[in-house]
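Below is one structure; the comments refer to it alone.
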Amino acid sequence: MDLVLVRHGIAEERGPGVDDFGRRLTPAGRARMEEAARGLGRLVTPQVVFSSPLTRAMETAEILRERFGLGRVRTCAALASPEYASVLEAVAEADAEVAALVGHEPWMGELLSYLLTGDPGLAAVTFKKGGAALVRSAGEPEPGSCWLEWLVPPGVLRRLGAAKAD
């Protein structure tokens, strides 16, 4: 199974009186994420998209859903927390070969570490906003049983999206 870990796009700034749950993608963040999604499509084609319930992640997941012509985004509260085993349980129920998971830092980096090493704190990985990683497993993903195929920053994804097909 392949897991595509994606950090949400650029969102509104935090600040006094700003509800963190409801922070939306900025117009530039939305445009950049659409470009990154085009680039992501040159590397992988998810069959299902899971998202943290926070607005900025859901908006990012919707961009992926539209780009890949998929059904509804599946909400996974564990993608907004360090509940990594719950993420894997949700993915196992999806019956898909390739699943995209949209979430937040530090949890996406910790989820990657958990998948690769079995320990969320062992590998220090940081996802830039709009960046993505492809993690593979021979069967159902389990902690420490996966390997990293690639980790791509958002600027590279956008350049891939803008490149002409061969």
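Taking numbering that gives the first Met the number 0 as reference, the numbering of the sequence shown is continuous, increasing by one, and the terminal residue is 165. A virtual CB, placed ideally from N, CA and C, is assigned to each residue, including glycine. Keep in mind it's a predicted model, so treat the numbers as computed, not measured.
Under the DSSP assignment, Leu2 falls in the beta strand (DSSP E) whose first and last residues are Asp1 to Arg6. Within the same chain, Cβ atoms closer than 6 Å to the Cβ of Leu24 are found at Gly8, Ala10, Arg55 and Glu58, the five residues on either side in sequence being excluded. Bridge pairing for Arg73: Phe49 [DSSP]. Thr44 is positioned such that its CB atom lies no closer than 9 Å to that of Val86.
Per DSSP, the unbroken alpha helix (DSSP H) holding Glu61 starts and ends at Thr54 to Phe67. The straight-line gap separating the alpha-carbon atoms of Glu65 and Pro119 is approximately 31 Å.
When the alpha-carbon of Ala137 is set against those of Gly129, Lys127, Ala131 and Glu148, the nearest one is in Glu148. Three or more beta-carbon pairs separated by less than 8 Å are not found between the region 154-163 and the region 103-120, which leaves the two stretches without contact. For Glu11, no beta strand (DSSP E) encloses it, and the DSSP letter there is neither H nor E. Taking the Cβ atoms as the reference, Cys75 lies roughly 5 Å from Ala89, within the contact range of under 8 Å. With fewer than 16 other Cβ atoms from the protein chains shown falling within 10 Å of its own Cβ, Glu12 counts as exposed.
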